[in-house]
Amino acid sequence: MNQKANFLGLKEEELIDFFSSLGEEKYRAYQLIDWIYKKGVTSFDLMTNFPKELREKLKKTAFIEELVLLDEQISKDESIKYLFCLPDGEKIESVVMYYRYGYILCVSSQVGCRMGCTFCASGIGGRVRNLEAGEIMAQVLFVQKELKRRDKVLKGIVLMGLGEPLDNFTNILDFLHLVSSPLGFNMSLRHVTLSTCGLAQKIKRLAEYNYPLTLSVSLHAPTDVLRNQIMPVNRKYPLKELMNSCRYYVKKTGSRITFDYLLIDNFNSEKVYAYNLANLVKKINCHVNLIPFNPVKDFNYRPPSKNKIIEFKDMLEKSRIPVTVRRSLGRDIDAACGQLRRKSYHQPKGGDL
Ligand code: SF4
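Everything in the sequence shown is counted per my numbering, starting at 205 for the first residue and increasing by one.
Dropping the structure here:
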């Protein structure tokens with residue numbers, strides 16, 4: 205039996221080829237793209253500019269994958285966390301966060317993650333599989349529909365949910381194509397942020413594409429001794445190599461890098477580390493985001509006191525490093541990445557999800 209084709213994730217050329225294999229004109233592919241990405245319609249029956257015969261043909265040969273919503277948590281600060289089920293039964297999360305400038309969606313790029321950062325629930329259990337470009341896009345379309353229903357607009361996307369995007373390189377490139385295609389979703393890559401834990405070689409590879417997106421590197425520690433303790437990736441790509449790849453990226457793309465730095469009490473938030481951090485990044489065109497650790501049940505880490513955070517920030521500012529302290533959203537829900545998915549595996553069978 206022939207397998208049905210999943211239209212979500214296919215590029216324009218592939219859709220044109222599909223329609224031509226059915227004896228249909230190229231413009232039908234463009235109509236389909238318009239239905240899926242602009243109107244958010246996934247049922248062939250609702251595609252009213254397709255003749256009935258074509259709709260029947262499509263139903264027999266193709267489908268448009270949709271995610272099944274398993275759980276949804278809404279925070280007091282308007283962040284919403286979704287838990288989705290994929291067709292193979294795997295689960296992923298997406299989070300919508302509300303900022304002054306609008307709604308930003310954080311999507312998953314893998315089921316699980318193999319990077320093993322010690323502060324992150326996504327890494328517990330390792331990587332199960334990569335997400336296809338269409339599966340990442342499905343998260344975007346779902347949330348776009350939800351926001352539209354409430355007269356809200358999606359302003360940007362962050363690849364920072366479950367998974368390390370650069371560990372799923374080809375599918376991420378395909379996703380970037382889908383999300384920015386003028387015929388389809390048409391979001392400028394200026395509104396997309398790709399976050400990596402520091403896969404130095406892949407950062408250099410990404411630089412070759414010269415995308416106008418924001419690259420955000422999760423640094424979290426300014427010395428190898430410290431970083432090795434919380435981010436195993438540092439043993440493969442120590443800070444010297446990572447910083448070289450960041451310098452290369454900035455030079456090649458002409459864009460500014462963001463360095464994320466989780467502030468963890470009694471670990472990396474002493475003044476001396478602010479000094480080390482300033483020295484590490486001072487010659488790179490960058491912005492530092494300080495993120496006080498959001499306490500998570502599975503981990504013993506805590507955020508430092510307000511005073512310590514201010515001292516840390518001041519030290520960076522004295523060294524003329526552009527810096528902001530990012531507020532932690534969704535403190536009252538399981539908003540840190542991987543928490544909701546992890547919790548779902550602990551639910552007794554038949555229990556509420
Ligand atoms: S922080 Fe990112 S890279 Fe590290 S384990 Fe979590 S998802 Fe993976």
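We put the beta carbon where it would ideally sit given N, CA and C, even for glycine.
Item	Value
In whole angstroms, what separates the C-alpha of Ser224 from that of Gln343?	29 Å
Cutting at 6 Å between CB atoms, please list the residues of its own chain near Pro552, excluding the five before and the five after it.	Note that Pro552 scores a pLDDT of 36, beneath 50, so its modelled location is shaky; the value from the coordinates is reported in the next line. Cβ neighbours of Pro552 beyond the five flanking positions: none.
Run through DSSP, which three-state label would Gln207 get?	coil
According to DSSP, is Arg451 part of a helix, a strand, or is it coil?	helix
Taking the alpha-carbon of Ile490 as reference, which of Lys455, Val315, Asn511, Arg439 has the nearest alpha-carbon?	Looking at the sequence provided, one finds Cys at residue 490 rather than Ile. Among Lys455, Val315, Asn511, Arg439, the Cα nearest to that of Cys490 is on Lys455.
To the nearest angstrom, how far is the alpha carbon of Leu466 from that of Glu257?	56 Å
Note down, in chain order, each residue of its chain lying with its Cβ closer than 8 Å to the Cβ of Asn253, except the 5 sequence neighbours on either side.	Gln235
Any heavy atom of the ligand SF4 within a distance shorter than 7 Å of the CB on Leu410?	no
What are the partner residues of His395, as DSSP defines its beta bridges?	Paired residue(s): none; His395 is not in a bridge.
Classify Leu250 as helix, strand or coil using the three-state DSSP reduction.	helix
Using the Cα positions of Leu290 and Asn448, report the straight-line distance between them to the nearest angstrom.	38 Å
Under a criterion of Cβ closer than 5 Å to any non-hydrogen atom of the ligand ADP, which residues qualify, in chain order?	Looking at this structure, you won't find the ligand ADP anywhere; what it does contain is the ligand SF4.
Report the three-state DSSP secondary structure of Leu370 (helix, strand or coil).	helix
Taking the alpha-carbon positions, what's the Asp556 to Lys486 distance?	Below a pLDDT of 50, predicted positions are generally treated as unreliable, and Asp556, at 27, falls in that range; no measurement from the model is reported.
From Tyr241 to Met251, what does the alpha carbon distance come to, in whole angstroms?	13 Å
Helix, strand or coil for Met519 per DSSP?	helix
In terms of residue numbering, what span does the alpha helix (DSSP H) encompassing Thr265 cover?	256-265
So, for Tyr302: in the same chain, excluding its five sequence neighbours on each side, which residues have a beta-carbon less than 6 Å away from its beta-carbon?	Glu282
If you check the beta carbons only, do Thr427 and Asn483 fall under 8 Å apart?	no
Identify the continuous beta strand (DSSP E) that holds Ser225 and give its terminal residues.	Looking at the DSSP string, Ser225 is not in any beta strand (DSSP E); the run it does join, the alpha helix (DSSP H), is 216-225.
My output table needs one value for Ser298: the three-state DSSP class, helix, strand or coil.	strand
Quickly, what does DSSP pair Val492 with across the bridge? List them, please.	Phe463, Val527
Under a three-way DSSP split, which group does Ser473 fall into?	coil
Is it the case that the Cβ atoms of Val396 and Val383 are separated by a distance below 8 Å?	yes
Is Asp275 helix, strand or coil by DSSP?	strand
Between the C-alpha atoms of Met347 and Val476, what's the straight-line distance to the nearest angstrom?	Here the sequence assigns Val to residue 347, which means Met is not the residue at that position. The straight-line gap from Cα to Cα measures roughly 42 Å.
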